[in-house]
Ligand code: BEZ
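In this note's numbering, the protein residues as written are 55 to 307.
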């Protein structure tokens, strides 16, 4: 995750990120004594849920701020700053878990190779993240608003990796995994903070997009995005984001 993230805002305004992840912990079904790695652990809430099942869990994230907050939240657990595309542990894990993190990692082959190497034979990889067409409406509205304001959009402004199901399953298979379950599904997600929610979300997660826009113009671009999205994505006094999740379970044979 980006090292400029604000862990306090992440823990409060964007708490849905880890709250939704509880479903993925259920799929992981951690067992007492298992060694489990939480890849892209953020501020550690799901790491703690995994630990509560009796597993021996380590959380890693590339953001020192997130890891500092995770250690503060759960001082009894082990958290390390590490790059998902280049980590190594001496002892193999029974499972690698990841929620809402892999879409920030734009070297998916290297990440899959590290996950594979970290698992014992027979170990499992359970992950959920943004898949193909995730936040398509927000991305389109941001592009349009930035262009309309007279600023450029470069292809590498897009900080995310949202693969199709077949693409990601094939990538894991090339690595040697057997993919045992995979799904791409819509998960409209309600943002907290009412009217303010979409602005908060863009400020927290969309910073790369706004790189070409002077800071004093950000708010007017965001207002344009809100105007475009309001008819379809603001209802019942809340913003709804068009998330599409890719959920995958794979086994190291
Ligand atoms: C996601 O969880 O799908 C996501 C979060 C922030 C930015 C982009 C995608």
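Glycine included, each C-beta is placed from N, C-alpha and C at the ideal position.
Check whether residue i and residue j have beta carbons under 7 Å apart
i, j, result
"residue 241", "residue 288", "no"
"residue 275", "residue 207", "no"
"residue 92", "residue 151", "yes"
"residue 71", "residue 100", "no"
"residue 61", "residue 130", "no"
"residue 81", "residue 180", "yes"
"residue 283", "residue 185", "no"
"residue 205", "residue 267", "yes"
"residue 133", "residue 113", "yes"
"residue 248", "residue 291", "yes"
"residue 235", "residue 303", "yes"
"residue 98", "residue 153", "no"
Residue i Cβ short of 6 Å to the ligand BEZ heavy atom set
i, result
"residue 184", "yes"
"residue 60", "no"
"residue 188", "yes"
"residue 259", "yes"
"residue 154", "yes"
"residue 297", "yes"
Alpha helix (DSSP H) segment containing residue i, residue limits
i, result
"residue 179", "No alpha helix (DSSP H) contains residue 179, which is instead part of the beta strand (DSSP E) from 173-184."
Continuous beta strand (DSSP E) stretch holding residue i: start and end
i, result
"residue 210", "Where residue 210 is concerned, there is no enclosing beta strand (DSSP E), given that its DSSP letter is neither H nor E."
"residue 107", "Here residue 107 belongs to no beta strand (DSSP E), and DSSP marks it neither H nor E."
Counting only runs that start and end within the segment 212-296, where is the alpha helix (DSSP H) found for 4 or more residues in a row? Qualifying alpha helix (DSSP H) stretches, in chain order: 219-229, 251-259 and 272-287.
Taking only runs of the beta strand (DSSP E) that begin and end inside the segment 68-103, which ones reach a length of at least 3 residues, in chain order? Segments of the beta strand (DSSP E) lying fully in the segment 68-103: 89-93.
Which runs of the alpha helix (DSSP H), 4 residues or longer, sit entirely within the segment 121-205? Correct list: 162-172 and 190-202.
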